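The structure appears below as structure tokens.
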Amino acid sequence: SIQIKKYAKNKNAPNSPIIPISAQLKYNLDVVIQYLSLIPIPKRDFISPPKFAIIHSFDCNYLSEDVYINNNLNNKTGMIYGLIFRGILKLGEQIEIRPGICIRVSNKEIKINPITTTIVSLQAEKNNLIYAITGGIINVGLKIDPLLYRGNILDGNIVGLPDKMEEMFIKIVIKCHLLRRLLIVNKKEWGKHVKYVTEIKKGEILLLNIGFVAVGGFVTKIEGNNNDEITFLLKKPVCCEISEKVAINR
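If you count the sequence shown from 1, position 239 lands on 1726 in our numbering, and the numbers rise without skipping.
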């Protein structure tokens, strides 16, 4: 307990309670639930245009090859599920998926095809909904070609109202802060055990996590007083907000 308090002293939660538990023996689980019930509910934004992030997409109509061929294409729907960050999604509402289907035409050109469709069903834990708000995983049924759902093609895309969504970017500038403790690597050099942190270099290819999408980024420029403003050329476009947080991985 003393070591935990010493560790948490310089963190964001120095006065947080320390509860010893055993999940297998079910010790003090009621105390944990009691403390969790005291956490205030975050403020929800129901006024702004909706923003829905797709975690997974699948074709719920593909039962067998015979069923798939004989069914009418107009009756087919696919399912996506994810999180609503703000706003409200309503049944029968027209929405847009960005960036949608991206096709690389050449090394320097990518064709972006956003998808416009209609919401035909809303579900939360198998409960049918008329509208959906923030807080929890939401299943959304859409009426588009089921081929667009397969292979989890739409994961990481953003859903919103047409003409009320964030812009799509193929090149972004990130003001980064390297977490020294997490990026330390071990290397044996001249027979000695050396710990060092490597700075990001121009021409390096890194993995960027923007929201729920992971995309490769090529470092094209490094600027700033401390070389902390880095320009990335992305392998595929992303739909995101200005000042959105990004995780950089090697």
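Glycine is no exception: its CB is placed at the ideal position from the N, C-alpha and C atoms. Bear in mind that the values here come from a model prediction, so they are computed numbers and not experimental data.
Residue interval of the alpha helix (DSSP H) (run including residue i)
i: A1495; result: I1489 to A1495
Option nearest residue i by Cα separation, candidates the options
i: A1619; options: R1573, I1584, F1656 and D1642; result: R1573
i: C1663; options: N1712, Q1511, I1617 and E1653; result: N1712
i: G1703; options: L1665, Y1568, V1627 and V1725; result: V1725
i: R1531; options: L1695, Y1494, G1628 and I1575; result: I1575
i: P1586; options: S1608, G1698, V1646 and L1609; result: V1646
i: A1734; options: I1697, N1714, E1710 and K1723; result: I1697
i: P1501; options: I1606, L1512, I1489 and L1666; result: I1489
i: L1666; options: E1686, F1656 and V1660; result: E1686
i: V1519; options: P1529, S1503 and I1528; result: S1503
i: K1723; options: K1595, R1637, I1661 and S1608; result: K1595
Cβ separation of residue i and residue j, assumed to be a contact under 8 Å, to the nearest whole Å
i: G1643; j: V1592; result: Wrong, their Cβ atoms sit about 21 Å apart, outside the cutoff.
i: P1601; j: I1625; result: Incorrect: roughly 21 Å between the Cβ atoms, too far for contact.
i: M1436; j: G1628; result: Absent from the structure is residue 1436, since the part of the chain shown begins at 1488 and ends at 1737.
i: N1515; j: I1508; result: 4 Å
i: I1582; j: C1589; result: I1582 to C1589, Cβ: 18 Å. No contact.
i: P1633; j: D1546; result: 4 Å
i: S1608; j: N1615; result: 7 Å
Residue-level contact to chain B via CB, residue i, 7 Å cutoff
i: I1571; result: No chain B appears in this structure, which consists of one protein chain only.
For residue i, the first and last residue of its enclosing beta strand (DSSP E)
i: L1720; result: E1716 to C1726
i: N1696; result: I1692 to I1697
i: L1609; result: E1596 to A1611
i: P1586; result: Q1581 to S1593
i: N1499; result: Premise fails: N1499 is in no beta strand (DSSP E) and is neither H nor E.
i: G1574; result: Unbroken run through G1574: none, as it is neither H nor E.
i: S1544; result: K1538 to F1545
i: I1709; result: V1700 to E1710
i: I1735; result: V1733 to N1736
Residue j beta carbon less than 7 Å from that of residue i
i: T1718; j: K1732; result: no
i: F1539; j: I1505; result: no
i: V1706; j: E1691; result: yes
i: K1651; j: L1720; result: no
i: K1630; j: T1604; result: yes
i: N1736; j: L1694; result: yes
i: I1541; j: G1569; result: yes
i: S1544; j: L1641; result: yes
i: E1653; j: C1727; result: yes
i: P1536; j: L1635; result: no
Residue i CB to nearest heavy atom of the ligand MG below 6 Å
i: P1537; result: Although the ligand MG was asked about, the structure shown includes no ligands whatsoever.
### Message
Please give the ranges of any alpha helix (DSSP H) in the region 1507-1536, keeping only runs that are unbroken, at least 4 residues long and fully inside the region.
### Response
1516-1523
### beta strand (DSSP E) runs contained entirely in the region 1620-1665, provided each spans 3 or more residues
1624-1629, 1645-1647 and 1655-1662
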